[in-house]
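In the working numbering, the protein residues as written are 14 to 72.
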Amino acid sequence: MKNWETMSRNWGVNWQSLSYLNGQSLSFRVQLSNGKTRTAINVVPSSWRFGQSFISKVF
Numbered sequence: 014m015k016n017w018e019t020m021s022r023n024w025g026v027n028w029q030s031l032s033y034l035n036g037q038s039l040s041f042r043v044q045l046s047n048g049k050t051r052t053a054i055n056v057v058p059s060s061w062r063f064g065q066s067f068i069s070k071v072f
């Protein structure tokens, strides 16, 4: 796994990254309002396409 990158909220529940992420499996780390973090490793497969949605039981 590479370094974690910060994402910014685009609008609503949509987030964006300025990095080129195509062809990579994606993991997410979220910091909750109480300061704790939750991590979902490889929750999005490398074959993902724009417009798809994925669900993780971590959050």
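Every residue gets a Cβ at the ideal spot worked out from N, C-alpha and C, and that includes glycine.
Keep in mind it's a predicted model, so treat the numbers as computed, not measured.
Check, Outcome
"Close-in-space but distant-in-sequence residues of the same chain around Gln-37 (CB under 8 Å, 5 per side omitted)", "Ser-59"
"Of the listed residues Trp-17, Gly-64, Lys-70, nearest to Leu-39 (C-alpha basis)", "Trp-17"
"Gln-29 versus Leu-45: straight-line alpha-carbon distance, rounded", "18 Å"
"C-beta contact flag for Val-56 and Phe-67 at 9 Å", "yes"
"Cα-Cα separation, Leu-31 to Asn-23", "11 Å"
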